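Peer 1: Numbering-wise, UniProt numbering puts 161 at position 161 of the sequence shown, and it's gapless, one number per residue. For every residue, glycine included, the Cβ atom is placed at its ideal position computed from N, Cα and C. Please read these numbers as outputs of a predicted model, since none were measured by experiment. Pasting in a structure now, in structure tokens, and then I'll have a few things to ask.
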Amino acid sequence: MDIVYEIKQRYNSFSQKEKDIANYILKHKDNIENISITNLSKATGASTSTITRFSKKINCDSFVQMKIKLNTTFNNPLPKENDLFSAVHNYYTEVIEKTNQLINKKLILKVVEEIKKAKRIYIYGVGSSGLTAHEFMQRLLRMGFNVSSITDSHMMIINSAIVSADDLVIGISISGETKEIVDSLRVSQKNGAHTIGVTSFPNSSIKKFSNDLILICASDFIHKRDFINTQFSTMYLFDLISTILLSNKDLRKKMQLTIEAILK
Numbered sequence: 001m002d003i004v005y006e007i008k009q010r011y012n013s014f015s016q017k018e019k020d021i022a023n024y025i026l027k028h029k030d031n032i033e034n035i036s037i038t039n040l041s042k043a044t045g046a047s048t049s050t051i052t053r054f055s056k057k058i059n060c061d062s063f064v065q066m067k068i069k070l071n072t073t074f075n076n077p078l079p080k081e082n083d084l085f086s087a088v089h090n091y092y093t094e095v096i097e098k099t100n101q102l103i104n105k106k107l108i109l110k111v112v113e114e115i116k117k118a119k120r121i122y123i124y125g126v127g128s129s130g131l132t133a134h135e136f137m138q139r140l141l142r143m144g145f146n147v148s149s150i151t152d153s154h155m156m157i158i159n160s161a162i163v164s165a166d167d168l169v170i171g172i173s174i175s176g177e178t179k180e181i182v183d184s185l186r187v188s189q190k191n192g193a194h195t196i197g198v199t200s201f202p203n204s205s206i207k208k209f210s211n212d213l214i215l216i217c218a219s220d221f222i223h224k225r226d227f228i229n230t231q232f233s234t235m236y237l238f239d240l241i242s243t244i245l246l247s248n249k250d251l252r253k254k255m256q257l258t259i260e261a262i263l264k
């Protein structure tokens with residue numbers, strides 16, 4: 001895992017000053033190569049000892065080693081800005097690479113089994129995560145699962161209040177701090193449902209109420225591009241889970257039946 005993702009993974013555990021350092025590093029990639037610890041201290045308002053402590057928190061022996069690792073990461077060649085085809089291709093390739101680094105294969109296989117054995121499946125998401133939740137719901141529905149996607153915050157809480165131990169609840173929150181998702185998983189878990197959190201931050205609030213936590217790439221840590229699908233890493237995860245599920249001949253047969261029904 002490269003150092004940028006080390007920062008991202010630990011971000012929510014940082015003190016405010018450490019977050020200021022992290023934010024500066026991620027925002028000013030072009031300045032890191034030549035910046036001194038004194039100038040970084042002035043730019044962030046953090047003491048040099050705090051910067052040294054920050055370096056060690058992200059598995060670097062010193063500030064100098066952190067700079068070397070950052071420069072190695074930031075100086076990887078990227079496509080020219082005017083080459084839009086290459087820019088988009090590079091972006092999506094990198095999102096997949098980073099997500100692959102984060103994915104735990106044993107955990108994914110466990111999640112597949114949780115999906116198979118659940119009596120009812122509920123997928124929660126708000127905003128763009130809600131659209132992804134609905135897409136995954138449609139896939140599972142076509143495999144014959146009893147599944148619903150819920151994107152309204154009030155309905156999430158209402159539904160979470162009546163789930164049981166037979167149910168599976170999946171909550172999508174890239175930040176891991178979406179209040180509606182965190183609260184709904186908390187209530188669902190309290191009522192005995194198996195809960196799965198999908199996030200990019202392992203130490204975020206969603207972790208407390210997730211029986212299983214799946215980590216994915218936070219796409220805005222790669223490039224800030226308004227036209228890019230920020231849900232791409234989540235959809236990649238659900239593509240992976242769907243593909244594993246469809247390796248089961250019974251589920252594949254049910255999917256085929258729905259395709260035939262639509263085509264009639």
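What are the residues that DSSP puts in a beta bridge with Tyr124?
Peer 2: Ile150 and Gly171
Peer 1: Quick test of your reading: Cys217 and Lys98, contact by CB under 8 Å. State the CB separation rounded to the nearest angstrom.
Peer 2: 4 Å
Peer 1: Whole-angstrom Cβ separation of Thr234 and Ile172, contact assumed at under 8 Å?
Peer 2: In this structure, Thr234 and Ile172 form a Cβ contact; the two beta carbons are roughly 6 Å apart against a cut-off of 8 Å.
Peer 1: Once you ignore the five residues that flank Arg10 on each side, which residues in its own chain have a CB closer than 8 Å to its CB?
Peer 2: Lys57, Ile58 and Asn203
Peer 1: Taking the alpha helix (DSSP H) that His89 falls in, what are its first and last residues?
Peer 2: Leu84 to Leu102
Peer 1: On the DSSP letters alone, give me the boundaries of the beta strand (DSSP E) that Ile196 sits inside.
Peer 2: His194 to Thr199
Peer 1: Determine the extent of the alpha helix (DSSP H) in which Ile181 is found, giving its start and end residues.
Peer 2: Lys179 to Lys190
Peer 1: Please report the straight-line C-alpha distance between Lys264 and Leu257, rounded to a whole angstrom.
Peer 2: 11 Å
Peer 1: Going by Cα to Cα distance, which pick from Ser188, Arg139 and Ser175 is closest to Ser128?
Peer 2: Ser175
Peer 1: Does the separation of the CB atoms of Leu185 and Phe209 fall below 9 Å?
Peer 2: yes
Peer 1: Spatial neighbours of Phe14 within its chain, please: CB distance less than 7 Å, with the 5 preceding and 5 following residues excluded, ordered by chain position.
Peer 2: Ala22
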